[in-house]
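Protein chains in written order, with the working numbering: chain A, 1 to 192; chain B, 193 to 981. As structure tokens, the structure follows; a few thoughts come after it.
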């Protein structure tokens, strides 16, 4: 049930390359990418979040993690996600072909909260439509990979725009990561 | 003027060429650049078209998922499911929109679809379900329409994608063609330039060359003269690997080339002053001596001979030599032998010859060699009696192959071949014709002795074999044909074969001597088999039914189905004859299946006659059908198609050595019995009557062979009694067959048989006569005084 076929994947990577190289000057007239700004600072006791059981989790982290709050993993609802702090980021969406603003956290901070085992090497992300991808844990820790939980205005991220959560990549990574890794509608992350 | 003109020619012509090359090169480079830009644009277009097509089909799929969710939605469902799938679908539509140019009309269409989906009051769906469901219906219609619209876009886009791809491929081909043309042009011009330059430089060296050439020519002439003066002798021995020997007219060696050493291990000096014959193998000396005499008489004569030379270590090498009388040649003055070592080739020829004439499995001669020897013996037979030919066919070999595997079969053939060799004399030829058929040519003995040898062969092949840990007993059918004054090898083999088949048909483990009328019968038989095959195709095989009467209830309990061959306009062929024919040709499988189907169908019909709900149907099954391995499948199919209950079907099997103790056959029976099909042993007491089948397969019924009811030859009926008692002891039903007289019936009763069958009660009936028979059945037919009351 992959969202895009392998052939399209290849075609799109090359399309992106051509667009990126050929249209460097024809950037859309939206604000240029800048370093994320802090909208809400993390709560001082954000580290104790995992102990609280959750009624309706927005996102569940399972697999090789030490921090759990029942239900086979770590379930986080909106309030808990917000308490991790909110950053505002602007990225160039290769699928919608426009610059978009989003709020959320660095994926690395979210993963650190779940305290992965030393043996864990990757994240397996599953979307509502059963689209799945893998990201290497080393990449997540080193690169500016972002998990958006709210729109740029701070509103709840609707399913139409990739909610409940979606992964986006900072502009520097446009050439390194295939658009196929831009997974949206995420509700499950398994640490492997 | 002339000088200036030639200067111009010398310098200008290459320059024009260079300029042309440069110009064409420039055009080529320009074309390559243009072409790559074009290709880049094309491949981008293809990629875009592909991406759009993929995005649209993703959107279409998500809307379909949404449609499914909406359709399955009911009062208990959570509206959240719909929200999620609507969101996912909407997201995919958005992605599709982004893959088009903003002013593309399809963008408007997609956005329109999206707006309609967004405008729908999804939240009211739950309450509406509780009321009249009208909104739910509307939702389904809306999503279905959306899906249709997206699907239309998708299929349109798919067509565009294929069109773009194919035009891109065409542009690609055109570009490649243009480039290839230009590159060819460049190459052509380049070659032309090089030619011009070369020609120019050649004129410079021409004078120097002509001076040199005169000198070289002179030298060549001198060399040629020298070579000529060294004479023909050198050329005769130039090939070092070939052997050259020169002898005088008596055959005494005067020269031997160094190759002698590598060929036979002697030094050339060892040959000198000795007759060549001393080195030739003794049996070839006479021939070589004749060649020497012949050659020495005729100057210039050339002969080719094959001879074997003795080597220093006592072996021999084959040499093919061309010898020529050059006694008159002043350079040679002798007989020249130019030889080539052909030992390996000879060995290879022998090997190939052996392979072509022998069977690799047993090492025996094959059919080809046998026929050659036979032909030789037949032509040579003058004063001696002509040869006899024995053909041996192993009985039951196919079963060994089928049930124990080919390695067991191969082992058995090898042992059989050894035993055959033990029965024949050195001059006889034992050959394997193929499969399990062997032939032995017995030369110059009288016919009775040949028959005695054949009898011994039958005996030795009856001894048990051990192959792959199994003890096996096979038999052999043997035919003999005696050669005549004018017979051919082929004809003799065919006659022996016919005799063998007669032996096989008349009981196996037998020897039959060929008689001319056998040939007539055999061809009649072949014709009849072909006719039978056609009859089976045309459905001319009928089924007749013979009632079996239960002596307890005094009513027909069963009908035995019997195959009949109806030949339009010709006398019927007796059942046993045509069944034997069918078994030989393999047609029995088709016939058996046909009879099974028809009998099941008819039996199911008759069960609805009043009082015949328990009527059974018995169908004869040939050993061939069981070994073929489809019997149980066929029975399952017939029962399923006709509706006859398995418990109403009995299969009748004649005891046969072929059934052996094969596990596969046992499994086949077990499967049939598990279904409830009954198994009857037919013709018990005739032929192979062993208790093996009764014991190894759980048989239900024993049918006593008709011959046992005969009063005089079966110890006044005591055998019937003994067998019936045996059957009852084993818990089997016992049926007496062949009840043709009141005495037979009486005897069957005395023996306490459970049921009887025979002409006295009823002949086999046509299918359409059965119903009348069953309806009008009266116990009076049993001629039974007890029943009158």
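Glycine included, C-beta positions come from ideal geometry on N, C-alpha and C. Since we're looking at a predicted model, the values are computed, not measured.
Relative to the C-alpha of residue i, which candidate in the options has its C-alpha closest?
{"i": "residue 440/B", "options": "454/B, 451/B, 469/B, 412/B", "result": "469/B"}
{"i": "residue 444/B", "options": "462/B, 450/B, 742/B, 434/B", "result": "462/B"}
{"i": "residue 752/B", "options": "310/B, 377/B, 741/B, 354/B", "result": "741/B"}
{"i": "residue 553/B", "options": "391/B, 607/B, 489/B", "result": "607/B"}
{"i": "residue 781/B", "options": "764/B, 725/B, 797/B", "result": "725/B"}
{"i": "residue 590/B", "options": "312/B, 689/B, 546/B, 626/B", "result": "626/B"}
{"i": "residue 721/B", "options": "448/B, 229/B, 285/B, 772/B", "result": "772/B"}
{"i": "residue 595/B", "options": "522/B, 660/B, 398/B", "result": "660/B"}
{"i": "residue 876/B", "options": "859/B, 587/B, 869/B, 914/B", "result": "914/B"}
{"i": "residue 620/B", "options": "684/B, 632/B, 693/B", "result": "632/B"}
{"i": "residue 250/B", "options": "172/A, 155/A, 130/A, 158/A", "result": "130/A"}
Counting only beta-carbon separations shorter than 7 Å, does residue i have a partner in chain A?
{"i": "residue 299/B", "result": "no"}
{"i": "residue 290/B", "result": "yes"}
{"i": "residue 269/B", "result": "no"}
{"i": "residue 305/B", "result": "no"}
{"i": "residue 276/B", "result": "yes"}
{"i": "residue 660/B", "result": "no"}
{"i": "residue 869/B", "result": "no"}
{"i": "residue 359/B", "result": "no"}
{"i": "residue 279/B", "result": "yes"}
{"i": "residue 283/B", "result": "yes"}
{"i": "residue 891/B", "result": "no"}
{"i": "residue 982/B", "result": "The structure shown does not extend to residue 982/B, since chain B is modelled only from 193 through 981, so no value can be given for it."}
Whole-angstrom Cβ separation of residue i and residue j, contact assumed at under 8 Å?
{"i": "residue 585/B", "j": "residue 628/B", "result": "6 Å"}
{"i": "residue 635/B", "j": "residue 579/B", "result": "5 Å"}
{"i": "residue 120/A", "j": "residue 38/A", "result": "Not a contact, Cβ separation roughly 28 Å."}
{"i": "residue 510/B", "j": "residue 535/B", "result": "5 Å"}
{"i": "residue 282/B", "j": "residue 309/B", "result": "6 Å"}
{"i": "residue 581/B", "j": "residue 566/B", "result": "7 Å"}
{"i": "residue 138/A", "j": "residue 168/A", "result": "With a Cβ gap of about 19 Å, residue 138/A and residue 168/A do not count as contacting."}
{"i": "residue 952/B", "j": "residue 937/B", "result": "6 Å"}
{"i": "residue 873/B", "j": "residue 845/B", "result": "6 Å"}
{"i": "residue 84/A", "j": "residue 42/A", "result": "6 Å"}
{"i": "residue 157/B", "j": "residue 896/B", "result": "Shown here, chain B extends from 193 to 981; a query on residue 157/B therefore has no answer."}
Name the DSSP beta bridge partners of residue i, please?
{"i": "residue 671/B", "result": "583/B, 704/B"}
{"i": "residue 752/B", "result": "738/B, 810/B"}
{"i": "residue 874/B", "result": "846/B"}
{"i": "residue 633/B", "result": "581/B, 621/B"}
{"i": "residue 764/B", "result": "The partner list for residue 764/B (beta bridge, DSSP) is empty, contrary to what the question assumes."}
{"i": "residue 186/A", "result": "127/A, 165/A"}
{"i": "residue 40/A", "result": "86/A"}
{"i": "residue 93/A", "result": "98/A"}
{"i": "residue 447/B", "result": "438/B"}
{"i": "residue 518/B", "result": "526/B"}
{"i": "residue 122/A", "result": "136/A"}
{"i": "residue 74/A", "result": "61/A"}
For chain B, check one thing: does any of its Cβ atoms lie closer than 7 Å to the Cβ of residue i?
{"i": "residue 128/A", "result": "yes"}
{"i": "residue 96/A", "result": "yes"}
{"i": "residue 69/A", "result": "no"}
{"i": "residue 182/A", "result": "no"}
{"i": "residue 159/A", "result": "yes"}
{"i": "residue 92/A", "result": "no"}
Can residue i be considered in contact with the ligand MG, in the sense that its beta carbon sits closer than 6 Å to one or more heavy atoms?
{"i": "residue 125/A", "result": "For the ligand MG, the structure offers nothing, since it holds no ligand at all."}
Review point. For the stretch 294-313 of chain B against the stretch 335-344 of chain B, are there 3 or more C-beta pairs whose distance is under 8 Å?
Key: yes
Review point. Does the count of Cβ pairs from the stretch 752-764 of chain B and the stretch 726-739 of chain B closer than 8 Å reach three?
Key: yes
Check your understanding: Counting Cβ pairs closer than 8 Å, one from the stretch 72-86 of chain A and one from the stretch 55-63 of chain A, do we hit at least three?
Key -> yes
Practice item. Flag this pair as touching only if the stretch 128-146 of chain A and the stretch 167-182 of chain A have three or more C-beta atom pairs under 8 Å; answer yes or no. Key: yes
Point to revise | Given 8 Å, three or more beta-carbon pairs between the stretch 143-163 of chain A and the stretch 179-187 of chain A | key: yes
Review point. Pairing CB atoms from the stretch 248-257 of chain B with CB atoms from the stretch 213-230 of chain B, are three or more of them under 8 Å?
Key: no
Exercise for review: Flag this pair as touching only if the stretch 537-553 of chain B and the stretch 631-646 of chain B have three or more C-beta atom pairs under 8 Å; answer yes or no.
Suggested key: no
Exercise for review: Give a yes or no on contact between the stretch 103-111 of chain A and the stretch 287-294 of chain B, applying the rule of three or more CB pairs nearer than 8 Å.
Suggested key: no
Exercise for review: Would you list, in chain order, the members of the stretch 245-260 of chain B that have their beta-carbon closer than 7 Å to a beta-carbon of chain D?
Suggested key: Going by chain labels, chain D is absent from the structure shown, which instead holds the protein chains A and B.
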